[in-house]
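Student: All residue numbers in the sequence shown are consecutive under this note's numbering, ending with 206. Yeah, the Cβ is synthetic: ideal placement off N, Cα and C, and Gly gets one too.
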Amino acid sequence: MDTHVWLAYVLTAIVFSLAPGSGTVNSISNGISYGTRKSLASIAGLQIGLSIHIILVGAGIGALVAQSATAFTVIKWVGAVYLVWLGIQKWRDTSGLATVQQQGAISAWSLLHKAVLVNLTNPKSIVFLVALFPQFIDPSRDQVTQLAVLGLTTVVIDSLVMLGYTSLAAQMGRFIRSERVMGKINKLFGSMFMGCGALLAAAKT
Numbered sequence: 002m003d004t005h006v007w008l009a010y011v012l013t014a015i016v017f018s019l020a021p022g023s024g025t026v027n028s029i030s031n032g033i034s035y036g037t038r039k040s041l042a043s044i045a046g047l048q049i050g051l052s053i054h055i056i057l058v059g060a061g062i063g064a065l066v067a068q069s070a071t072a073f074t075v076i077k078w079v080g081a082v083y084l085v086w087l088g089i090q091k092w093r094d095t096s097g098l099a100t101v102q103q104q105g106a107i108s109a110w111s112l113l114h115k116a117v118l119v120n121l122t123n124p125k126s127i128v129f130l131v132a133l134f135p136q137f138i139d140p141s142r143d144q145v146t147q148l149a150v151l152g153l154t155t156v157v158i159d160s161l162v163m164l165g166y167t168s169l170a171a172q173m174g175r176f177i178r179s180e181r182v183m184g185k186i187n188k189l190f191g192s193m194f195m196g197c198g199a200l201l202a203a204a205k206t
């Protein structure tokens, strides 16, 4: 994988991880309720769920490329359209973060287990990866290596972003829970997603 392609993916993956979603809600909620240190188990759980999605998506894309170059091109176009659509949905989303303070102690294992389920039961994550990965894969090169690089990059970036959200929530919980602020954040990342989709589509013409 060329360096400039990888750097482009890094930027896109950062936007993907930063955009508010179920993993973000989970990280912020735990940060407010339990603090950063105890929430590390939850962050690890999110990455386990994400890794399972990456493996499933990688296997599917590898089979697709091997069988049909036309289908590969089609899914790349669908991916660009999906990025724009997702951006529109984020722009229109004005919901806030409702944090429920949990009673009693909770084990690190319980936090990890719940976080794994949060990502595994989120179909948007796997659909997004299906749309995203083909944009940065060169069908003429070794696909397994490229998928491994993209997958590892995704997990590392998402881990750092979730850690940042958790730490920020532990310090600034009231600010993060504001519906007005979350509405602005959604519009910001919605614009970013639409921009990514437009750039990907323009690059193909």
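Among Ile138, Val156, Ser40 and Met173, which residue has its Cα nearest to the Cα of Ser108?
Tutor: To locate residue 108, count along the sequence shown from 1; it is residue 107. Out of Ile138, Val156, Ser40 and Met173, Ser40 has the C-alpha closest to the C-alpha of Ser108.
Student: Would a C-beta distance cut-off of 8 Å place Ala171 and Gly24 closer than the cut-off?
Tutor: Counted from its first residue, the sequence shown places residue 171 at position 170. Counted from its first residue, the sequence shown places residue 24 at position 23. Result no, Cβ atoms of Ala171 and Gly24 do not sit closer than 8 Å.
Student: Please report the Cβ distance between Val58 and Phe134, rounded to the nearest whole angstrom; I am assuming they are in contact, meaning their Cβ atoms lie under 8 Å.
Tutor: The residue labelled residue 58 in the question sits at position 57 within the sequence shown. The residue labelled residue 134 in the question sits at position 133 within the sequence shown. About 6 Å; that satisfies the 8 Å criterion.
Student: Given this structure, state the Cα-to-Cα distance separating Gln102 from Ser30, to the nearest angstrom.
Tutor: Translated into the one-based positions of the sequence shown, residue 102 becomes position 101. Translated into the one-based positions of the sequence shown, residue 30 becomes position 29. In this predicted model, Gln102 has a pLDDT of only 46, less than 50, meaning its place in the structure is not dependable; the value taken from the coordinates is given anyway. Cα to Cα, Gln102 sits roughly 8 Å from Ser30.
Student: Helix, strand or coil: which one does DSSP assign to Tyr10?
Tutor: On the sequence shown, position 9 is the one that residue 10 refers to. Looking at Tyr10 - three-state DSSP - the assignment turns out to be helix.
Student: Return the chain-ordered list of same chain residues with a C-beta closer than 6 Å to the C-beta of Ala42, the five sequence neighbours on each side being excluded.
Tutor: Locating residue 42 in the sequence shown gives position 41, where the first residue counts as 1. Taken in chain order, the residues that qualify are Ala109, Leu112 and Leu113.
Student: When you compare each of Gly61, Val85, Val119 and Lys188 to Val145 by their alpha carbons, which one comes out closest?
Tutor: Position 144 of the sequence shown, counted from the start, is the residue given in the question as residue 145. Looking at the Cα atoms, Gly61 is the closest of the given residues.
Student: Taking C-beta to C-beta, are Leu19 and Asn120 nearer than 8 Å?
Tutor: Position 18 of the sequence shown, counting from 1, holds the residue named residue 19. Position 119 of the sequence shown, counting from 1, holds the residue named residue 120. It is not a contact, given that the beta carbons lie outside the stated cut-off.
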